[in-house]
Amino acid sequence: NAGVTQTPKFQVLKTGQSMTLQCAQDMNHNSMYWYRQDPGMGLRLIYYSASEGTTDKGEVPNGYNVSRLNKREFSLRLESAAPSQTSVYFCASSVWDSYNEQFFGPGTRLTVL
Amino acid sequence: ILNVEQSPQSLHVQEGDSTNFTCSFPSSNFYALHWYRWETAKSPEALFVMTLNGDEKKKGRISATLNTKEGYSYLYIKGSQPEDSATYLCAPGSARQLTFGSGTQLTVLP
Chain A
1 NAGVTQTPKF QVLKTGQSMT LQCAQDMNHN SMYWYRQDPG MGLRLIYYSA SEGTTDKGEV
61 PNGYNVSRLN KREFSLRLES AAPSQTSVYF CASSVWDSYN EQFFGPGTRL TVL
Chain B
1001 ILNVEQSPQS LHVQEGDSTN FTCSFPSSNF YALHWYRWET AKSPEALFVM TLNGDEKKKG
1061 RISATLNTKE GYSYLYIKGS QPEDSATYLC APGSARQLTF GSGTQLTVLP
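Protein chains in written order, with this note's numbering: chain A, 1 to 113; chain B, 1001 to 1110.
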């Protein structure tokens, strides 16, 4: 039982390049989330998917797109990377219930030059 | 977007000391309050989920209380150990979203 997995672990991009961050969970969770973590700012929600087939914007969605490919997988795409998107990205998943306890992946450290 | 404040931002304590930190959040429309523990180079891990005013949770030497009417939660660590060194995040939220505070970074010195 791997929990929440993310690929890649590290990535360096040049400004304007695109890439997709992958996330998968094997806990049969309905809901999945993408956060970014910047120094002094805590975790900020980019997008979430309450269930397969639905996605919603979070606090900081600009510059990102997401795809809920199936119940297990939720990807985050940067179409044209900018230095301001240099961050650590975390994927999380949860059962869709009133408690919403979230389980986090190991993170992807992205640097945009 | 909820305004979640945690204090202090960081603190250093000696091994064996007890410590506590605060999470403040808007008390209106409260649903649930989460505490997470985040060790360096790892992922955040859930400690507690609290929903009721006056709720208290305990896990070993770590405990938490919740006051939904005034909008705050306290996290207590009794007899801190070096392995307690981590960032402690609080996150009020609903079934849809959690809003994370910026955390309290605890360093326990041996």
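Note that the Cβ used here is the ideal one computed from N, Cα and C, for glycine as well.
So which of the options has the shortest CA-CA distance to residue i?
| i | options | result |
| --- | --- | --- |
| B:E1015 | B:T1099, B:S1080 and B:R1037 | B:S1080 |
| B:S1007 | B:S1102, B:V1108 and B:L1033 | B:S1102 |
| B:I1062 | B:G1054, B:T1051 and B:K1078 | B:K1078 |
| A:R109 | A:Y89, A:D26, A:F103 and A:G16 | A:Y89 |
| A:N28 | A:S94, A:T111 and A:V112 | A:S94 |
| B:K1058 | B:L1075, B:K1069, B:T1051 and B:G1071 | B:L1075 |
If you follow the beta strand (DSSP E) that residue i is part of, which residue opens it and which one closes it?
| i | result |
| --- | --- |
| A:S75 | F74 to L78 |
| B:R1096 | B:R1096 -> no beta strand (DSSP E), and no H or E assigned at all. |
| A:D38 | S31 to D38 |
| A:Q6 | V4 to T7 |
Under a CB-based cut-off of 8 Å, is residue i close to chain B?
| i | result |
| --- | --- |
| A:E101 | yes |
| A:D97 | yes |
| A:P8 | no |
| A:F74 | no |
| A:G58 | yes |
| A:A50 | yes |
| A:G63 | no |
DSSP three-state call for residue i: helix, strand or coil?
| i | result |
| --- | --- |
| A:S84 | helix |
| B:P1116 | Examination of residue 1116 of chain B is not possible in this model, given that chain B is present from 1001 through 1110 alone. |
| B:S1035 | The residue asked about is misnamed: residue 1035 of chain B is Trp in this sequence, not Ser. B:W1035: strand per DSSP, three-state reduction. |
| B:K1059 | strand |
| B:E1070 | coil |
| A:Y99 | coil |
| A:M19 | strand |
| B:A1046 | strand |
| A:E52 | coil |
Step through the CB atoms of chain A and report whether any lies within less than 8 Å of the CB of residue i.
| i | result |
| --- | --- |
| B:F1100 | yes |
| B:R1061 | no |
| B:R1037 | no |
| B:Q1097 | yes |
| B:A1064 | no |
| B:G1103 | yes |
Between residue i and the ligand FAD, is there a pair consisting of the residue's CB and a ligand heavy atom that are separated by less than 7 Å?
| i | result |
| --- | --- |
| A:N30 | This structure does not include the ligand FAD; it has no bound ligands of any sort. |
Inset, instruction - Using a Cβ-Cβ cut-off of less than 8 Å, list which residues of the region 1023 to 1036 of chain B approach chain A; keep chain order. - result: Contacts with chain A (Cβ-Cβ distance below 8 Å) from the region 1023 to 1036 of chain B involve Y1031, A1032 and H1034, listed in chain order.
Legend entry - Residues from the region 21 to 44 of chain A in contact with chain B, defined by Cβ distance under 7 Å: Within the region 21 to 44 of chain A, the residues whose Cβ lies closer than 7 Å to some Cβ of chain B are G40, M41, G42 and L43, listed in chain order.
Legend entry - Members of the region 1067 to 1093 of chain B that neighbour chain A once the beta carbon cut-off is set at 7 Å: For the region 1067 to 1093 of chain B, the residues whose beta carbon sits under 7 Å from a beta carbon of chain A are, in order, L1089 and G1093.
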